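2 protein chains.
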Amino acid sequence: MATLQGKALVAQGGGPTAVINQSLVGVVAETARFPAITHIYGARHGVRGIVNEDFLDLGQMTAHNLDLVARTPSSALGSTRDKPDAEYCKTMLAVMQAHDIRYFFYIGGNDSSDTCRIVSEHARSIGYDLRAVHVPKTIDNDLVETDHCPGFGSAGKFVAQAFAGANLDNRSLPGVYIGVIMGRHAGFLTATAALARQYTDDGPHLVYVPERVFDPERFVADVQAVYARHGRCVIAVSEGIGGKDGKPIVTTLKPGSVEKDAHGNVQLSGTGALGDLLADLIKEKAKIKRVRSDTLGYLQRSFLGCVSESDAIEAREVGGKAVQYAAGHQACGSVAIRRVGEYVVEYDLVPLEAIAAKTKHMPDAFINAEGNNVTDAFWKYARPLIGTLPPSARIGAPPVAKLKTK
Amino acid sequence: MATLQGKALVAQGGGPTAVINQSLVGVVAETARFPAITHIYGARHGVRGIVNEDFLDLGQMTAHNLDLVARTPSSALGSTRDKPDAEYCKTMLAVMQAHDIRYFFYIGGNDSSDTCRIVSEHARSIGYDLRAVHVPKTIDNDLVETDHCPGFGSAGKFVAQAFAGANLDNRSLPGVYIGVIMGRHAGFLTATAALARQYTDDGPHLVYVPERVFDPERFVADVQAVYARHGRCVIAVSEGIGGKDGKPIVTTLKPGSVEKDAHGNVQLSGTGALGDLLADLIKEKAKIKRVRSDTLGYLQRSFLGCVSESDAIEAREVGGKAVQYAAGHQACGSVAIRRVGEYVVEYDLVPLEAIAAKTKHMPDAFINAEGNNVTDAFWKYARPLIGTLPPSARIGAPPVAKLKTK
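Residue numbers (this note's numbering), protein chains in the order written: chain Y, 1 to 406; chain W, 407 to 812.
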């Protein structure tokens, strides 16, 4: 295919991650290597910035600014929750045509890949030459066709370090601790809570993901069993856990306690309701007095200064690869990560239709038979993705013989 | 005074911090330099480990183990919420006598210093020679007589990095964000949320501390004003904010929504109630749709891998100094930090009576006239304490001229 001459446009969609700007910088830096790409524009606040013609001329960023922005969490261009329909995509394309934009890079999750697909198809239908490549990111790790998603590893590192600390805290002042983790449909991020365990009695002792039906009675029994054994219990639970009816458990435990968003989805993040309800359940049914809950919230995706080394590298690389596929190969698609060794990866381009609007769930092999913990297979899959963890240790000293018997 | 010959005992009390084990290791390492101290024991779970004679022989820790334990957050010996009365202290002293313990180091906050005082006075009254030194720690920074408390800087670093990320997140997807921070009576930790601000429009835009009466109507008006100006608003609020009646605001906004602990204190931590109530208030009264709240919870005090460099150094040093004062000077008291330059500190010993059971609050100079933000004076005081922050940057690129007018 002939090399298209024209401008490139990059945008960021959906929830931020700690490394989404690595991908942005990967795109910007790589476009400079293709003379056919005359300019690299960035749309502010995702697709909304395209319909509003709100562009920045990213070719004027200095190399040093690129380096610093890459290390900054959360979408530097701004993001949006807009989900374009056909009409919206038409407007986007009209703006792109006006600016002679021939390369479109959209960094985002499921919805963003679907937007890429619609824009790409519409361009083809009107005979406008456009290369559209989706650059994957999501802390939920729920995109199909890729081994894992950029953004997941750093969020997982945060969750693992949070639970490593919560476990030490709980060991120091025993009781029950519940940490609620993001993830509406996929339990990958919740499962990373287990990755910092060292000793066999380290928490989290129980892990509940949305892939399994959550039974409040079983939950109470699980907690009682762990508490009887260790005198304490640390629990990781996904915000998306649902009951037999498939509805979020928070709506079952307390109807009307959560609001719905513009898409009709129950709002699960940005509220401590689930953690508080589960804590109340334990206090009431298990008769345990010291029960605390934290909802990790937005810190998981945007905390400054918690980045997985491999995640940062891969996020940068998928941005660069997107440009290579679009400008070098003149192809459209979504960049995927393939694991080819322990631990090394390669990159690939998959058709937009193959991943758009699809959701990956935790495979059965990653969840134990009881549905209340993760397996070694999950550990092997996810441990390389979160990078190095800070060291920690228990005191290595023998007890002193008692002189008084009390 | 003659140098007492005998064993030393160290214990940790109250809530953990990220550097409380630096102080533990500071004590253990320094005792090895005093031949008069024959053994160094550690009591498990604070004063409870003393009455239960539950000791570890810390002299048998290797140098490497000491180094790793020092870098581990949360009390490695275990902690307790027990608050000893006179009878309890008598039992503690009987156990100490049985083991010929002549040096007692208690790492903790207000309550721990008071325990030190009672034990020390009781020993004197029965003619038992004992050197008792309190080693300060608390994330709340509410001890008097010391410039600041070990543990505060690292918790402040966590809070600052959390708000730096939350601000970037909020800038990317605008709305109102409320972060609830620990601190029942003192607002120091809440105020650290402001320390990562760089640009004048960076959040947190509003900071509410327990030192000022919280007026829900004023709060709504404050948020509306910021939102009108920036199209977004990031808020840091202390869990301890109270109304005109002096009661925690969470009990006013929703009576019966929180439980009371063994001491009759309303439980403020380990629940998302306050954040959710404030978010509801904004949605309802300010008619702003996208409002999210996080309660930073236990992560503030025990997150693995977020330590202020100066805090780690000082926490180690107050442990070592405690031994120097007790064994070298044969004195009792509490170790205090004096700021003698920008930024350097020295150490001092103050009488236990001067600090025991007293609480320091934010001075007026640290809070703005409106009572909804911090001042430059606070910044100057607290910025050196939280150490280095990871870099972050905005995109430095000009807008592109519009070709289509929409």
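C-beta: ideal position from N, C-alpha, C; glycine also. Treat the numbers as computed from the prediction; the structure is a model and nothing was measured.
Per DSSP, reduced to three states, the secondary structure at L579 of chain W is coil, with no helix or strand assignment. Interface annotation for the segment 95 to 122 of chain Y against chain W: V95, A98, H99, criterion Cβ-Cβ distance under 9 angstroms. Here T444 of chain W has K413 as same chain residues with Cβ atoms under 6 angstroms from its own Cβ, once five neighbours each way along the sequence are excluded.
The three-state secondary structure of T91 of chain Y, taken from DSSP, is helix. Contact of S302 of chain Y with chain W is assigned, a C-beta pair being separated by under 8 angstroms.
Spatial neighbours of P351 of chain Y in its own chain (CB-CB distance under 7 angstroms, excluding positions within 5 residues in sequence) are listed in chain order as G333. Between the C-alpha atoms of T657 of chain W and A572 of chain W there is a straight-line separation of about 27 angstroms. From the listed residues W:S480, W:Y512, W:G648, the smallest Cα separation to K727 of chain W is found for W:Y512. Residue nearest to N65 of chain Y within the set W:V806, W:P797, W:K810 is W:P797 (criterion: CA-CA distance). The continuous beta strand (DSSP E) containing Y509 of chain W extends over residues 507 to 514.
Contact annotation: G777 of chain W and R537 of chain W have beta-carbon atoms that are not nearer than 8 angstroms.
The continuous beta strand (DSSP E) containing K413 of chain W extends over residues 412 to 418. Taking C-beta atoms under 8 angstroms as the contact rule, R301 of chain Y and A155 of chain Y qualify, at a distance of about 6 angstroms. For K808 of chain W, a Cβ of chain Y is located within less than 8 angstroms of the residue's own Cβ.
Assignment of beta-bridge partners to H540 of chain W by DSSP yields W:Y512, W:S740. Exposed is the label assigned to Q60 of chain Y, since fewer than 16 other Cβ atoms lie within 10 Å of its Cβ.
Of the residues Y:L9, Y:E217, Y:G26, the one whose Cα lies closest to the Cα of K285 of chain Y is Y:E217. When DSSP states are grouped into helix, strand and coil, C712 of chain W belongs to the coil group. A direct Cα-to-Cα measurement between H554 of chain W and D548 of chain W gives close to 8 angstroms. A straight line joining the alpha-carbon of A29 of chain Y with that of T598 of chain W spans about 36 angstroms. Under the rule that a run must span 3 or more residues, the beta strand (DSSP E) segments found entirely inside the segment 589 to 645 of chain W read 612 to 614, 639 to 644. A186 of chain Y and G242 of chain Y have their C-alpha atoms spaced approximately 12 angstroms apart.
Counting along the chain, D463 of chain W sits inside the beta strand (DSSP E) bounded by residues 461 to 463. In the three-state DSSP reduction, L403 of chain Y falls in the coil class, being neither helix nor strand. The shortest CA-to-CA distance from P248 of chain Y to any of Y:P210, Y:V335, Y:D276 is the one to Y:P210. When secondary structure is reduced to three states using DSSP, A449 of chain W falls in the strand class. Those residues of the segment 777 to 808 of chain W placed with their C-beta closer than 8 angstroms to a C-beta in chain Y are L795, P796, P797, S798, A799, R800, I801, G802, A803, P804, P805, V806, K808, ordered along the chain. In terms of Cβ geometry, V613 of chain W and A600 of chain W form a close pair [threshold 8 angstroms]. Of the candidates Y:E353, Y:A354, Y:R338, Y:L385, the residue whose Cα lies closest to the Cα of Y347 of chain Y is Y:R338. Within a 10 Å sphere around the beta-carbon of S531 of chain W sit fewer than 16 other beta-carbons, which makes this residue exposed. For A414 of chain W, there are no neighbours in chain Y by C-beta distance under 8 angstroms, as the nearest C-beta there is about 12 angstroms away.
When secondary structure is reduced to three states using DSSP, V180 of chain Y falls in the strand class. In the DSSP assignment, the residues bridged to V344 of chain Y are Y:G341. Residue-level contact check: Q5 of chain Y does not touch chain W, since none of the beta carbons of chain W fall below 8 angstroms from its beta carbon. Counting along the chain, T295 of chain Y sits inside no alpha helix (DSSP H); it lies in the beta strand (DSSP E) bounded by residues 291 to 295. The residue among W:G448, W:K695, W:K563 with its C-alpha nearest the C-alpha of G396 of chain Y is W:G448.
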